[in-house]
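Residue numbers (our numbering), protein chains in the order written: chain E, 1 to 271; chain L, 1001 to 1906.
Ideal Cβ placement from N, Cα and C applies to all residues, glycine included.
All figures in this text were calculated on a predicted structure; none of them were measured in a lab.
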Amino acid sequence: MDLNTITEIRRPSSADAITKWENGYAWLAGGTWLFSEPQIAIHTLIDLEDLKWPSLTVTDQGLEIAATCKIIELENFKGPADWKATPLLSECCHSFLSSFKIWNVATVGGNVIMSLPAGPMISLTASLEGVCTLWPRNGAPRQLPVVDFVTGNHQNALQPGELLRSIFVPASVMRKKHAFRRFSLTHQGRSETLLVGTLCPATGEFVLTVTASTLRPMQYRFPSIPSDAKIREVLDGIPLDQYLNDTHGSPEHRRHLTYYFAEQIREELSA
Amino acid sequence: MSYKFNGQTFDAEPRPGQCLRTFARDLGWYAVRKGCDAGDCGACTVWLDGKPVHSCLVPAYRAEGHEVTTLEGLCCKGEMHPMQKAFLDAQAYQCGFCTAGMIMTAATFSEEDKKDLAFRLKGNLCRCTGYRAMDDAIHGVVHVEPDVPGQSAGRSLGNPHGPDIVTGKTRYTADFKMEGMLHLKVLRSPHAHARVLAIRREKAQAVPGVHAIFTWEDVPRKAYGTGTHEDYRVEPDDTYILDNVVRYVGERVAAVVAETEGAAEEACRLLEVDYEVLPAVFDPEISMSGKAPIIHPKDAFTSRIDNPDLNIVREIHGENGDVEKGFSEAHAVYEETFETHRQQHAQLETHISITYLSEDGRIHVRSSTQTPFPTKIKLGYLFDRPANDFHVYTERVGGGFGAKQETLGEELCVLATLKTGRPVKWEYTRGEEFIGATSRHPFRIRVKIGAKKDGTLTAIQLRVLSNTGAHGNHAGDTLGHSINEPLTLFRCANKKVDAYAVYTNLVPSGAFRGYGVTQNFFAMNSAMHELANKLGIEPLAMLRKNMIRPGDTLLSIWPGPADVEIGSYGLAQCLDKVEEALASGRGKPKPEGADWLEGKGVGISMLDCCPPLQRSEARVDLTAEGNYRVYVGATEFGNGTVTTHRQIAATILGCGVNRVQIINADTDKAPYDTGTFGSVGTTVSGNAVRHASETLKSQILALAERYTGAPQKTCALGDGDIQYNGSGTLALADLFARATQDGQRVNAVRKCEGMARPVSFNVQGFRIAVHRITGQIEILQSVHGADAGFVLNPMQCRGQVEGSLAQAIGWLLFERMAFNENGEMINPTFRNYRIPEFGDVPRAEVYFADTYDTIGPLGAKAMSESPINPVAPAMTNALKDATGIRFTSLPVSADRIFAQLAKLKK
């Protein structure tokens, strides 16, 4: 929609060009959320398009996903053969409520920064143990795991003016085996619950990541595949008020599905 | 800067925060539509360098240096794109508002993409069709049949607007520009109930471009109801254009007109309002308890509110026979409370009004209305002017479903135009549709029914509570309607109802497809199923035993007979067909796994084909070219009236439909018509067209006799000419010329008014699977039997049935308007108020009963509204069959049913 309060667009070729941060500024990546609601507190959009960050960089260490990487690029990504987790990228792309057409515009960083419980890029990067690189306006870059970056429903650790530069996924995680479960009240709707389990072929470590159900991503590590009782025990630690209550699902149902899917994931990865 | 649209270069500069959608429209590319303006509906889909995007989310400046293609640019050298042709051949649209985005999306599909349309089309919402027609179009299925002059009735002919719809030439309400047009925006209440103490407008007035600000002190202090009917007195006078009391979160407090939408919005934000917050009530039972705040403290008689002190707009009590006696004779009695929820129409075109003055001082109102004529009369009343000072018209309307049987904007625009002398436009946002328009009445229904051992009903008793929200528009009529057909359909000597429509501090309810009947058929069908279970009788046998039969008196709870007749009876056929289909084994198999439970269920319904007071007039002219022009006031918003009216006229006049032009929905050009709502498009307006056409035919034949000397009985009216005496031919153009020379007019006018009202029947069947643990419901088979009389256009009629099913499936499975404790709706967007997408609506088997109605035109009766009515109970009956659990409230979404399912033993 028209953002009628916007009076200025800035299109820097380097983030360093924005030295002073003011109230009413906003970074503009794909714009698919910014332009979907009135933004009456914003008067200046700073477009990241001309920064030309490479979207996906594969190294021996892992996968660097630029914040400006478009969803469609992630969907089309073909990783090294031993990166068994690569199909999870597409599974998470397909977990968007929105159309594939939005993929042509929307960015990974935008979805993570929105920090909605159902953000599929949060599910993806959190379960793959991604680490955010953040660029404060003044100061040295800092790093924060995705699970800690998202702090609540529509809340995160970004400081005013701070920029999410990229998310790094270690190659060791990309080599993990994974299991994916998702539920939505409509056939291709917003995730009511999205759980991913990973199993490290080298160490046997099992990591369960709960997203969409809860206000922020919850991650549980087990040295090996735990018993069902053990999983239930850790999930019992999530109070009901940490489950999201909105028109895409009730807290009770989300909790119910979380236990159900966690058990299924445990079973699948045990096989 | 320069921008390239459809191969043309434009030197233009978008505003900094402008999106590509409005920028394209500013340049005249109107086939870039606003359904949601938030990226959820896809109506604004365009290509950016060949890639489809939702243009409402794209900053306009980013299109610089790229090629933008809109639907208008898809035609290549005048040739339609194959996907445009495919949509035309399959008639994959009703109102056509979503079509531009649909085609711009589908035209990018590879063969591989076409295999997964549930995914590929999930970002394109259509509220009319139920998506089957798109599925067919994309797979190249052709449904349009060729016309045969004089025999068009009964054929699947295309919508005459089809070619314009698929090429983007069709103009909807907003597709209109005028020099000096101002924009209107309103400030809406943050409180559910409050008195406006003061509004300071200085800061708002100072915003550059602001022309006028209106508050309750600036409007005519005349009470009215927003609903539009033949007789305004069916509604209470409980609304003012702007008031000093607000009664729901979202109610209008003030209006601003300015040079731009942005300036009007900013001024609204700068208005300083002092409120005295008043206590609010949201539950209708509490509202009528005597302990709630009085929402409309008015005189009962003059305001036509039945009991203002108890917040009761309308109450209806009645009994036929003696239910106490009936229950005492019953061997089994079932009693339960059922609850239905609010639903938004979600028609893709929001409410839009554009008003302007002509030099003669008349006020022109271009509106997205279903009721131009009653709107005109209401405007005359509100502004103390002769109704004929107003010209109300539609061009093409993007969906209605009852949402546009209201005056919800015309009045403010007229006020602004009268004040400023300038054209004024007000376009609702999608959010305003949810919080500031109307929605389906939520009902709470206590049902008690009893029957003898053999299943014969002995008594039916209902207590109905309808939540009309903050205003009484449509409160009484929906209540009355709701307790009519759902009781009339069942033969029973003893029937009793106590029904109340009650005010609360929530967004007003209003007219919505089904109009109260949907709600009570949910309760009645559920109760019939349960009573059958109690008696050990097969549910369908129970229905067959008790449903009305031809020749039966149609009686609900009122003592006298109504003007309703069974003009044709296809109910038994519909039920047989649905039962047969469900037994056939067709449809999808139950998913693998022991946790899936399977069940079947059926619901039945009946609908009176039009409101008692409805009337319409049609005029048919022979033109100089030997063609016909039909003037009829009915509106077209995807219901298909223009198509069927053309078929009715052409069939009677013996010509091809291409010779018939329809002029409709314009108070200056067409004769009076109450409006298109309440299932009247075919039965009432269609009957007017039929009578006028028959009269014109007699006139033409009489003239033919005069000019040829051949006896009338040897003259046959054909496609453009008259054949007489076996071999002679007189061209109609020549007949017209002769007649004109003679000073003879060749036209006819007839009214349809006060006719008996026929009834339509519908039966829905579902076979479903429900997952015991997750609560997920999968529809394995959906079957619908419709008794539409003689089906004038099978393709179109099927589309209406399918669209109804989709709307019903959304309502019963997941659509919900959620409110917080302050009465504020928390999900006023399509992303949070889900309406069915392609993948949510299974392809239905649709069967038509073989009947011919004695009342409707050419044997036809209504079939756009009624198919929604039996759908919800068919689902909950299937759930009962699968699980043994009776779900008594809607929606039956997974998160609302899983807890009960979890109690089932494995």
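Counting only Cβ pairs nearer than 9 Å, list the residues of chain L close to asparagine 104/E. Leu1048, Lys1051, Pro1052 and Val1053
On a Cα-Cα basis, can you pick out the residue from Arg11/E, Gly119/E, Ala17/E and Arg232/E that is closest to phenylalanine 222/E? Arg232/E
For a quick check, are the C-beta atoms of glutamine 1644/L and glutamine 1764/L less than 9 Å apart? For clarity, residue 1644/L is threonine in the given sequence; the question names glutamine instead. No, Cβ-Cβ distance for threonine 1644/L and glutamine 1764/L is not below 9 Å.
Quick one: residues in its chain with C-beta nearer than 8 Å to the C-beta of lysine 1239/L, no 5 flanking neighbours on either side, listed in chain order? Checking the sequence, you will find threonine at residue 1239/L rather than lysine. Once the five neighbours on either side are set aside, the close Cβ partners of threonine 1239/L are Ala1223, Tyr1224, Gly1225, Thr1226, His1471 and Asn1473.
Examine chain E for any beta-carbon lying closer than 9 Å to the beta-carbon of threonine 1350/L, and answer yes or no. no
Please look up how many angstroms separate the CB atoms of alanine 1267/L and alanine 1198/L, rounded, as I've assumed it's under 8 Å. Not really, about 17 Å apart at Cβ, beyond 8 Å.
Once the 5 residues before and after histidine 983/L are set aside, which same chain residues still bring their CB inside 7 Å of it? Given a span of 1001 to 1906 for chain L in the structure shown, any question on residue 983/L remains unanswerable.
Can you check whether the CB of proline 80/E is closer than 9 Å to the CB of glutamate 129/E? no
Where do the ends of the beta strand (DSSP E) carrying cysteine 1036/L lie? Neither: cysteine 1036/L is in no beta strand (DSSP E) and is coded neither H nor E.
Measuring only the C-alpha atoms, how far is threonine 198/E from glutamate 91/E? 14 Å
Go to glutamine 1741/L, then tell me how far its alpha helix (DSSP H) extends in each direction, as first and last residue. 1732–1741
Please name the residue in Asp1136/L, Ala1737/L and Val1642/L whose C-alpha comes closest to that of threonine 1682/L. Val1642/L
Within 9 Å (strictly less), CB to CB, does serine 99/E reach chain L? yes
Does DSSP put glutamate 252/E in a helix, in a strand, or in coil? helix
Does proline 38/E get closer than 9 Å to chain L when you measure Cβ to Cβ? yes
By how many angstroms is the C-alpha of valine 1770/L removed from the C-alpha of glutamate 1598/L? 6 Å
If you follow the beta strand (DSSP E) that isoleucine 1476/L is part of, which residue opens it and which one closes it? Looking at the sequence provided, one finds glycine at residue 1476/L rather than isoleucine. Per DSSP, glycine 1476/L belongs to no beta strand (DSSP E); it is in the alpha helix (DSSP H), 1475–1482.
Of the choices Gly1839/L, Ser1353/L, Asp1322/L and Val1657/L, whose alpha-carbon is the least far from that of tryptophan 1558/L? Asp1322/L
Who are the neighbours of aspartate 1026/L on chain E, taking C-beta pairs under 8 Å? None at all; the shortest Cβ gap to chain E is about 10 Å.
Does the ligand HEM have even one heavy atom less than 8 Å from the beta-carbon of valine 1234/L? Of the ligands one can find in the structure shown there are none, so the ligand HEM has no counterpart to examine.
Going by CA-CA distance only, name the one from Ala262/E, Arg165/E, Val196/E and Leu185/E that's closest to lysine 176/E. Val196/E
How should histidine 154/E be labelled, buried or exposed, when 16 other C-beta atoms within 10 angstroms of its C-beta is the threshold for buried? exposed
Per DSSP, what are the beta-bridge partners of glutamate 1598/L in this structure? Ala1769/L
Would you report the Cα separation of glycine 1039/L and aspartate 1621/L, rounded to the nearest angstrom? 46 Å
Return the CA-CA distance between threonine 1708/L and tyrosine 1724/L, expressed in angstroms with no decimal places. 8 Å
Of the choices Ala1194/L, Asp1243/L and His1193/L, whose alpha-carbon is the least far from that of tryptophan 1216/L? Asp1243/L
Please state the DSSP three-state secondary structure of tyrosine 1172/L. strand
Between the CA atoms of glycine 119/E and alanine 29/E - distance to the nearest angstrom: 16 Å
Extent of the continuous alpha helix (DSSP H) to which glutamine 1661/L belongs: Not the alpha helix (DSSP H): glutamine 1661/L falls in the beta strand (DSSP E), residues 1660–1664.
Given a cut-off of 9 Å on the beta-carbon distance, is the pair glutamate 1617/L and alanine 1665/L in contact? no
Continuous beta strand (DSSP E) stretch holding tyrosine 1852/L: start and end: First-last for tyrosine 1852/L: undefined, no H or E at that position.
Kindly give me the distance between the Cβ atoms of leucine 1157/L and aspartate 1164/L, rounded to whole angstroms, as I take these residues to be in contact under 8 Å. Not quite, the Cβ-Cβ distance comes to about 16 Å (not below 8 Å), so this is no contact.
Taking the alpha carbon of glycine 1017/L as the point to measure from, which residue in Ala262/E, Ile72/E, Phe35/E and Gly24/E has its own alpha carbon closest? Phe35/E
Does the beta-carbon distance from glutamate 1315/L to tyrosine 1500/L come in below 9 Å? yes
If we define contact as Cβ-Cβ less than 9 Å, is glutamate 1837/L a contact residue for chain E? yes
Using a Cβ-Cβ cutoff of less than 6 Å, which residues in the same chain neighbour phenylalanine 1934/L once the five nearest sequence positions on both sides are dropped? Any answer about residue 1934/L is impossible in this case: the structure gives chain L only from 1001 up to 1906.
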